[in-house]
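Colleague: As they're listed, the protein sequences go chains A and B.
Letter by letter, the first sequence follows residues 123 to 522 in the numbering used here.
Letter by letter, the second sequence follows residues 4 to 138 in the numbering used here.
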Amino acid sequence: MSDSVWILGITMTKFGKSPEKDVIDLASEAALAALADGGVTMKDVGILAAGNLMNASAGIGQQLQKQIGQTGIPVYNVANACATGATALRTAVMAVKAGECDVGMAVGVEKLAGAGLLAGGNRKADGDSWTPSGRYGSVAPLDGRVGTETMPGVFAQIGMEYGHRYGGADFELFARISQKNHAHSTLNPLAAYSKKMSLEEIMGDVMIAYPNTRPMCSANCDGAAAAVVVSEAKLRMLDPDQRRRAVKISASVLTTDPWEEACQVLPNVNTLTRNAAAKAYEQAGVGPEDLDLVELHDCFATAELVHYDNLMLCESGGAVDFFNSGVTWRDGSIPVNVSGGLESKGHPIAATGIANIWEVCHHLRGEAGDRQIEGASVGLAHVIGLGSACGVHVLEKAAA
Amino acid sequence: MGQVPLVDYLVLGDDPHLVANQCASCKARFFDRRNACAACGATAFSAVDVPTEGELVTYTIVAFAAPGVPVPFIAGVIDCGGTSVRANVVGCEPDPEHVRLGMKVRLKTFPIGTDGDGVDAIGFGFEPIDTKEAP
């Protein structure tokens, strides 16, 4: 069972606004394209894992089957916050690894264009009579009264905490991270937004939760991504061209947050990411220094900074100097988010954890066109969903 | 007439303070109703008082929130002698020139509204101890 699992076919749709397509249209588009990319059909697929966070109880996998092929295979509908796509992929990988089937497919899809804040729900009118409810015995909604539940606010605090601990992280630094990703996006035709932005434009835009202005937040949009995975034994029997384009999944890891002081006060996105990265590097037998590119979960500019450290791309506490050295720009030694990242490519939640793997595969296959990272042979894709769940995948180019 | 705390871990009276559920086994602290300890799995807890003064270890200034939530406001985490507390920072201008990471703050309680029975709900935040320190 030591055989690796490989990505045979993978794709993402154009991210952005797709008013003429519903969730199943987008999922079908991604799934059919991934099958075509891998040179297989639904008849070859032995398991389907499907993610769609906003309709987590809708049985999106079966709805997809009803459009592209009801072959009777098991479907796993998964939901794991912003790690939903990675969880779907990991589910398919586990099934192939366990020997339950030779070929599996994972699909992630979301329609979010025009959505606003995704947490910190509406404040209801306070009741006629104070009545304690919930686990805190609260008599009124707590968002805004006891801190913030909004994602921009939570992740702002995560970045500011890093700055407090190690110094050097101010508004301008976070804005420059965003400037990098928006600059990268200009080369990505599938990005929701591909406009270069100046530091002044980013810092002068609408403030959402200091220090995150609007362009420093992930963009809500529509999109889907899908991957077909295959066992090594099966891959050996396929055509040379399929084998040449296959990408090895050298590590597939999912973690949750272990208890630490403060982790139920402000989510700790650091330890579970660090744990996932450590396990992934061990599984893959590679280190951060071997990576040619990284797609990490920049749901907010403040998050990208801490994940440089969590993924051990820099020394502990050294993320600010690391970024300032310029190495994470696409012409640097370890390009991060050459797709434009969630801040410009967009973040259709359940699609993100497969789309970031597509981006890495695109470079490893040498098919990334204008934004190709030359000679890329190893890459890492990372997502985190608050709650929390972290997915890390290490991908390697086929040997021949 | 009557008062009720916004949350059940806020104790009112002459010396308002927060209380945590502390695991009898590993001393992990929680503010919510517990089934067991997330750190060690033990099921016995005792109530412990949390220091009313602490240090602001992170914050954000929320400028955009759900409808009905007044903005801007400062949300942050306060280290109260080793116990982290989520709260708003009050009595401080909500701009980056006035909020300072590491600043000393203390618990402050205040009414957040009155219900139909004339009962005040009392909320809490943390205010800077020495506002002169702010640049």
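Note that beta-carbon positions come from the ideal geometry of N, C-alpha and C, so glycine has one too.
A quick note: this is a predicted structure, and the numbers were derived from the prediction, not measured.
Measure the C-alpha to C-alpha separation of residue 75(B) and residue 418(A) and round it to an integer number of angstroms.
Modeller: Answer to the nearest angstrom: the Cα atoms are 30 Å apart.
Colleague: Using CA atoms only, rank isn't needed, just tell me which of 365(A), 504(A), 415(A) and 299(A) is closest to residue 423(A).
Modeller: Of 365(A), 504(A), 415(A) and 299(A), the residue nearest in Cα terms is 299(A).
Colleague: For residue 184(A), I'd like the list of residues in its chain whose CB is within less than 7 Å of its CB, leaving aside the five on either flank, ordered along the chain.
Modeller: Cβ within range, chain order: 197.
Colleague: Need the endpoints of the alpha helix (DSSP H) that residue 300(A) sits in, please.
Modeller: Run containing residue 300(A): 293-307, per the alpha helix (DSSP H) assignment.
Colleague: Report the rounded CA-to-CA distance for residue 190(A) versus residue 64(B), giving the unit in angstroms.
Modeller: So the two alpha carbons sit approximately 47 Å from each other.
Colleague: Run through chain A and tell me which residues come within less than 7 Å of residue 120(B), C-beta to C-beta.
Modeller: Going along chain A in sequence order, the residues near residue 120(B) (Cβ under 7 Å) are 251.
Colleague: Any idea if residue 321(A) is buried or exposed, counting beta-carbon neighbours within 10 angstroms, 16 or more meaning buried?
Modeller: Per the 10 Å Cβ criterion, exposed.
Colleague: Using a Cβ cut-off of 8 Å (strictly closer), state whether residue 15(B) contacts chain A.
Modeller: Cβ-Cβ to chain A under 8 Å: no for residue 15(B).
Colleague: Would the beta-carbon of residue 523(A) fall within 8 Å of that of residue 291(A)?
Modeller: Within the shown structure, residues of chain A are numbered from 123 to 522, placing residue 523(A) beyond reach of any answer.
Colleague: What number of angstroms, rounded off, separates the C-alpha of residue 508(A) from the C-alpha of residue 398(A)?
Modeller: Cα to Cα, residue 508(A) sits roughly 15 Å from residue 398(A).
Colleague: With 8 Å set as the bound, which would you pick, yes or no: does the beta-carbon of residue 49(B) sit closer than that to a beta-carbon of chain A?
Modeller: Closer than 8 Å: no.
Colleague: Sorted by chain position, which residues of the same chain lie with C-beta nearer than 6 Å to residue 123(A)'s C-beta, five sequence neighbours on each side aside?
Modeller: With a pLDDT of only 41 at residue 123(A), under 50, the local geometry of the prediction cannot be trusted, and the value read off the model is given with reservation. There are no such residues.
Colleague: Have a look at residue 369(A) and residue 263(A) and give me their C-alpha separation to the nearest angstrom.
Modeller: Residue 369(A) and residue 263(A): Cα-Cα distance of roughly 48 Å.
Colleague: According to DSSP, which residues form a beta bridge with residue 332(A)?
Modeller: Answer is 64(B), bridged to residue 332(A).
Colleague: Provide the residue span of the alpha helix (DSSP H) that contains residue 482(A), from first to last.
Modeller: Its alpha helix (DSSP H) spans residues 471-486.
Colleague: Does the separation of the CB atoms of residue 135(A) and residue 154(A) fall below 8 Å?
Modeller: In this structure, residue 154(A) does not lie closer than 8 Å to residue 135(A) by Cβ.
Colleague: With DSSP as the reference, identify every bridge partner of residue 128(A), one or two as the case may be.
Modeller: In DSSP, residue 128(A) forms a bridge with 352(A) and 370(A).
Colleague: Excluding sequence positions up to five away, which residues of its chain have a Cβ less than 6 Å from the Cβ of residue 138(B)?
Modeller: Because residue 138(B) sits at a pLDDT of 46, beneath the cut-off of 50, its placement in the model cannot be relied upon, and the following sentence gives the value as read from the coordinates. Contacts found: none.
Colleague: If you follow the alpha helix (DSSP H) that residue 182(A) is part of, which residue opens it and which one closes it?
Modeller: Here the alpha helix (DSSP H) through residue 182(A) covers 182-190.
Colleague: Between the segment 85-104 of chain B and chain A, which residues of the former have CB atoms less than 7 Å from a CB of the latter, in chain order?
Modeller: Here the close residues are 87, 88, 89, 90, 91, 99 and 104.
Colleague: Kindly confirm or deny that the segment 9-18 of chain B and the segment 439-450 of chain A touch, where touching means at least three C-beta pairs closer than 8 Å.
Modeller: As far as the Cβ criterion goes, the segment 9-18 of chain B does not touch the segment 439-450 of chain A, which means the pair count is below three.
Colleague: Using CA coordinates, which residue listed in 157(A), 241(A) and 161(A) is at the minimum distance from residue 69(B)?
Modeller: Checked all of 157(A), 241(A) and 161(A); the closest Cα to residue 69(B) is 241(A).
Colleague: Does the pairing of the segment 40-48 of chain B with the segment 294-308 of chain A give three or more beta-carbon distances under 8 Å?
Modeller: No, the segment 40-48 of chain B is not in contact with the segment 294-308 of chain A.
Colleague: Since I believe residue 353(A) is in contact with residue 127(A) (beta carbons under 8 Å), could you give me their beta-carbon distance rounded to a whole number of angstroms?
Modeller: That belief holds up - the Cβ atoms of residue 127(A) and residue 353(A) are roughly 6 Å apart, short of 8 Å.
Colleague: At 8 Å on the CB atoms, spell out the chain A contacts of residue 9(B), in chain order.
Modeller: Under the 8 Å cutoff, chain A gives 260, 261, 262, 264, 267 and 268.
Colleague: Of all Cβ atoms in chain D, is any one closer than 8 Å to the Cβ of residue 332(A)?
Modeller: In the displayed structure, chain D is absent; the protein chains listed are A and B.
Colleague: Determine which residues of the segment 31-60 of chain B have a Cβ less than 9 Å from any Cβ of chain A, and write them out in chain order.
Modeller: Those residues of the segment 31-60 of chain B that come within reach of chain A (Cβ to Cβ, closer than 9 Å) are 31, 32, 33, 34, 35, 36, 37, 40, 41, 42, 43, 59 and 60.
Colleague: Anyone know if the C-beta pair for residue 456(A) and residue 515(A) falls short of 8 Å?
Modeller: Against a cut-off of 8 Å, the Cβ pair of residue 515(A) and residue 456(A) comes out as no contact.
Colleague: Using 10 angstroms around the beta-carbon of residue 319(A), count the other beta-carbons present and answer buried if the total reaches 16, otherwise exposed.
Modeller: Buried is the call here.
Colleague: Closer than 8 Å is the cut-off here; do at least three beta carbon pairs connect the segment 341-358 of chain A with the segment 467-474 of chain A?
Modeller: With a cut-off of 8 Å, the segment 467-474 of chain A and the segment 341-358 of chain A count as touching, because enough Cβ pairs lie within range.
Colleague: Applying a beta-carbon distance threshold of less than 8 Å, which residues of chain A neighbour residue 22(B)?
Modeller: Here the premise fails: no neighbours, minimum Cβ distance about 12 Å.
Colleague: Are the CB atoms of residue 406(A) and residue 205(A) nearer to each other than 8 Å?
Modeller: Cβ distance not < 8 Å, so residue 406(A) and residue 205(A) don't count as in contact.
Colleague: Going by CA-CA distance only, name the one from 40(B), 57(B) and 67(B) that's closest to residue 1(B).
Modeller: Since the displayed chain B opens at 4 and closes at 138, residue 1(B) lies outside it and no answer follows.
Colleague: Pull out every residue of the segment 386-414 of chain A whose Cβ sits closer than 9 Å to any Cβ of chain B, in chain order.
Modeller: Under the 9 Å Cβ criterion, the segment 386-414 of chain A contributes 386, 387 and 388.
Colleague: From 144(A), 157(A), 139(A) and 316(A), pick the residue whose C-alpha is nearest to that of residue 133(A); which is it?
Modeller: Nearest option by C-alpha distance: 157(A).
Colleague: Is the number of C-beta pairs between the segment 357-373 of chain A and the segment 475-493 of chain A that are closer than 8 Å three or more?
Modeller: Taking 8 Å as the limit for Cβ pairs, the verdict is that the segment 475-493 of chain A does touch the segment 357-373 of chain A.
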